[in-house]
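J.: The structure follows.
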């Protein structure tokens, strides 16, 4: 399974499935979120920005945990595919983090009365963006991509301590940011009609990540194996 | 698992655990500074800093909002249901500001114990619900209160 050629072919078959299911859940999520879900009793219509903000913030942490797990496997077992997974995920994760920060800011201005505050939640999420950017910069600064992959594996693992800090920041400290409305256990702070589109968007964003990370990883596999026979045969086959 | 991989796994485990402990110690040391605001109880206990601005957070007490004649200055009580601090603020309040709402104000205590704020932010809680649900919750709450009052008056 670790063979780059096998991965290239299997990933190519999986991408359309991810892409189609992403589009279907996205359309359903946006439709239910923007047209069917009722307005909020306090925020009116403006709360609907959470249908982008919350899934983006979930993804920013989820992708980082995938990268840290891939980093651990890369360091211990030296598997090429997991090394490629880390760098292919980094820019997607950075984009989601940026999106979460920007949409949060747009919501914060009318609701809180400010674009930005240095509370524990917002600051730790900003740190996550810098971690992503640091990983991308470190990878491109090192010429030998196997060495680069080892370096970013370590950085990804070092940064993973930030993930529980982001998640629990709203409980450990007083923050302006509210505590989680959606929890795995116990009380539900959001009415079901508002929760369903949110979960749909959460699934949709995960499928998007699946599709994009596979595309990026395929390109990275080709780039790394550009001097091997199977890539040459593949390119020659395309040209015919 | 072969010995080399086992050793690597062990080393990485040590590294992550070490960083985790270091982060935990650092965050503990900074604990007070990571608090975005102080509650009225903490201020009453004297935990809030004196001499430089800090933030107070809590709920705006019911029937406490008073507007001064100049039209811009508002005074209101902030409570955590144990202690109360009176806040005075000149400026435009955020949309979500209302009685019963959570707010965070930045400012300083003056000699008479009034918190003079230079910024007031609304704090939104984690509850999201449609207006009808909020209404029915409120009606149910009011009915409950009425029933209890009636029971008390019967006794």
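Residue numbers (the working numbering), protein chains in the order written: chain A, 27 to 266; chain B, 48 to 202.
Where a beta carbon is used, it is the ideal one built from N, C-alpha and C, also for glycine.
1. Nearest chain B C-beta to residue 30/A closer than 7 Å, yes or no?
2. Inspect the CB distances between the region 70-84 of chain A and the region 117-137 of chain A and report whether three or more fall short of 8 Å.
3. For residue 26/A, return the contacting residues in chain B, with the cut-off set at a CB-CB distance below 9 Å.
4. The alpha helix (DSSP H) with residue 147/B in it runs from where to where?
5. For residue 82/A, return the contacting residues in chain B, with the cut-off set at a CB-CB distance below 7 Å.
6. Nearest-angstrom Cα distance between residue 27/A and residue 244/A?
7. Report buried or exposed for residue 156/A, applying the criterion of at least 16 other Cβ atoms within 10 angstroms of its Cβ.
8. Once DSSP output is grouped into helix, strand and coil, what is the label at residue 61/A?
9. With distances taken Cα to Cα, identify the nearest neighbour of residue 181/A among 222/A, 101/A, 225/A, 217/A.
10. Do the CB positions of residue 151/B and residue 202/A come within less than 7 Å of each other?
11. Following the continuous alpha helix (DSSP H) through residue 105/B, name the residue where it begins and the one where it ends.
12. Got a sec: which bits of the region 159-173 of chain B sit with their beta carbon under 8 Å from any beta carbon on chain A, in order along the chain?
13. Enumerate in chain order the residues of its own chain whose CB-to-CB distance from residue 119/B is below 6 Å, with the five nearest sequence positions on each side excluded.
14. With residue 78/B as the anchor, note down where its alpha helix (DSSP H) starts and where it stops.
15. Kindly indicate which three-state DSSP category residue 67/A falls into: helix, strand or coil?
16. Identify which residue in 185/B, 58/B, 145/B, 101/B has its Cα closest to the Cα of residue 110/B.
17. Is residue 60/B helix, strand or coil when you go by DSSP?
18. Among 225/A, 256/A, 260/A, 247/A, which residue has its Cα nearest to the Cα of residue 51/A?
19. Put residue 130/B into one of helix, strand or coil per three-state DSSP.
20. Would residue 87/B pass as a contact of residue 130/B if the rule is Cβ separation under 7 Å?
21. Output the boundary residues of the alpha helix (DSSP H) element that contains residue 264/A.
22. What in chain B is Cβ-close to residue 102/A, meaning under 8 Å?
23. Quick one, which residues of the region 129-150 of chain B are near chain A if we go by CB-CB under 7 Å, in chain order?
24. State the DSSP-derived secondary structure class of residue 215/A, mapped to helix, strand or coil.
25. Measuring CA to CA, which of 261/A, 99/A, 190/A, 162/A is closest to residue 118/A?
26. Using a Cβ-Cβ cut-off of less than 9 Å, list which residues of the region 65-77 of chain B approach chain A; keep chain order.
27. Quick one: list the residues of chain A neighbouring residue 81/B, beta-carbon separation under 7 Å, in chain order.
28. Got a sec: is the Cβ-Cβ distance from residue 63/B to anything in chain A below 7 Å?
29. Could you please give me the residues that DSSP links to residue 136/B through a beta bridge?
30. Between 96/B, 153/B, 95/B, which lies nearest to residue 143/A when the distance is taken from Cα to Cα?
31. Quick one: which unbroken alpha helix (DSSP H) runs of 4-plus residues sit fully inside the region 163-239 of chain A? Chain order, please.
32. Nearest chain A C-beta to residue 101/B closer than 7 Å, yes or no?
33. For residue 44/A, which residues of its own chain have a beta-carbon under 6 Å away from its beta-carbon, when the five flanking residues on both sides are left out?
34. What's the C-alpha gap between residue 194/A and residue 59/B?
35. So residue 30/A and residue 251/A are in contact, right, with Cβ under 8 Å, and what is the actual spacing, rounded?
T.: According to the data block:
1. It does not; no Cβ of chain B falls within 7 Å.
2. Touching, yes.
3. Residue 26/A cannot be examined here, being either before or after the span of chain A that is shown, 27 to 266.
4. Premise fails: residue 147/B is in no alpha helix (DSSP H) and is neither H nor E.
5. Correct list: empty, because the minimum Cβ distance to chain B is about 17 Å.
6. Note that residue 27/A scores a pLDDT of 49, beneath 50, so its modelled location is shaky; the value from the coordinates is reported in the next line. So the alpha carbons of these two residues sit roughly 14 Å apart.
7. Looking at its Cβ environment, which holds fewer than 16 other Cβ atoms inside 10 Å, residue 156/A is exposed.
8. Residue state for residue 61/A is assigned as helix, using DSSP reduced to three classes.
9. Residue 181/A has its Cα closest to that of 101/A, out of 222/A, 101/A, 225/A, 217/A.
10. Cβ atoms of residue 151/B and residue 202/A: closer than 7 Å.
11. Taken as a continuous stretch (DSSP letters only), residue 105/B belongs to no alpha helix (DSSP H), being part of the beta strand (DSSP E) at 101-107.
12. The residues in question are 166, 167, 168, 169, 170, 171, 172, 173.
13. Correct list, in chain order: 137.
14. Residue range 78-81 is occupied by the alpha helix (DSSP H) that includes residue 78/B.
15. In the structure shown, residue 67/A sits in coil (DSSP, three-state: anything other than H, G, I, E or B).
16. With distances taken between Cα atoms, residue 110/B lies closest to 145/B.
17. Here residue 60/B sits in helix by DSSP.
18. It is 225/A whose Cα lies nearest to the Cα of residue 51/A.
19. For residue 130/B, the secondary structure class from DSSP, reduced to helix, strand or coil, is coil.
20. Yes, the pair counts as a contact, with Cβ atoms nearer than the cut-off.
21. From DSSP, the alpha helix (DSSP H) with residue 264/A extends over 255-265.
22. The answer, in chain order, is 52, 55, 56, 59.
23. Correct list: 141, 142, 143.
24. When DSSP states are grouped into helix, strand and coil, residue 215/A belongs to the coil group.
25. Nearest option by C-alpha distance: 162/A.
26. Answer in chain order: 66, 67, 69, 70, 71, 74.
27. At a beta-carbon threshold of 7 Å, the residues of chain A lying near residue 81/B are 146, 199, ordered along the chain.
28. Contact of residue 63/B with chain A is assigned, a C-beta pair being separated by under 7 Å.
29. Note: residue 136/B sits in a beta bridge opposite 121/B, 164/B.
30. That would be 153/B, whose Cα lies nearest to the Cα of residue 143/A.
31. Counting only runs of 4 or more, we get 171-185, 188-198.
32. Taking Cβ atoms only, chain A never reaches closer than 7 Å to residue 101/B, which makes this a no.
33. Contacts found: 233, 236, 237.
34. Taking the straight line from one Cα to the other gives about 24 Å.
35. Their Cβ separation, rounded to whole angstroms, is 5 Å, which keeps residue 30/A and residue 251/A in contact under 8 Å.
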